[in-house]
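Visitor: Quick one: structure below, then a few questions.
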Amino acid sequence: MVIFDKIVGQGVAMLAVYLKAREVWGKTGSKLAAKKLRKFKIKFHFHKTVPNILNKKKTDLCPLEKLSFKRTPEEFYRCLVEK
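Residue numbers (this note's numbering): 912 to 994.
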């Protein structure tokens, strides 16, 4: 499976791991996403890498980024399903 997304944060990276994707493409990707994808040996291609993915108002981290912290890919997926 190959995943394409405009913005790839750690949340998308965790879903890629959970879904056993082999590759991820994004216009913008975070350093945290890159680290997670490298750890699980998933190829990735970002046009631009940024330190963090921010919320729409750019006042805090993206809610999915926050939800993904200190969780395994399985735990993160369960949290998404429950919401």
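For every residue, glycine included, the Cβ atom is placed at its ideal position computed from N, Cα and C. Quantities reported herein were computed from a predicted structural model and do not represent experimental measurements.
For residue 970, which beta-bridge partners are listed by DSSP?
Guide: DSSP, once it has assigned bridges, lists no residue as partnering residue 970.
Visitor: Suppose the cutoff is 6 angstroms on Cβ atoms and the five residues either side in sequence are ignored; what does the same chain contact list for residue 946 look like?
Guide: Here the set comprises nothing.
Visitor: Please report the straight-line C-alpha distance between residue 948 and residue 966, rounded to a whole angstrom.
Guide: Going from the Cα of residue 948 to the Cα of residue 966 covers about 22 angstroms.
Visitor: In this structure, how does DSSP classify residue 952 when only helix, strand and coil are distinguished?
Guide: Here residue 952 sits in coil by DSSP.
Visitor: What does a CB cutoff of less than 7 angstroms around residue 921 pick up in its chain, not counting 5 residues either side in sequence?
Guide: For residue 921, where only same-chain residues beyond five positions count, the Cβ hits under 7 angstroms are 941, 943, 944, 947, 976 and 979.
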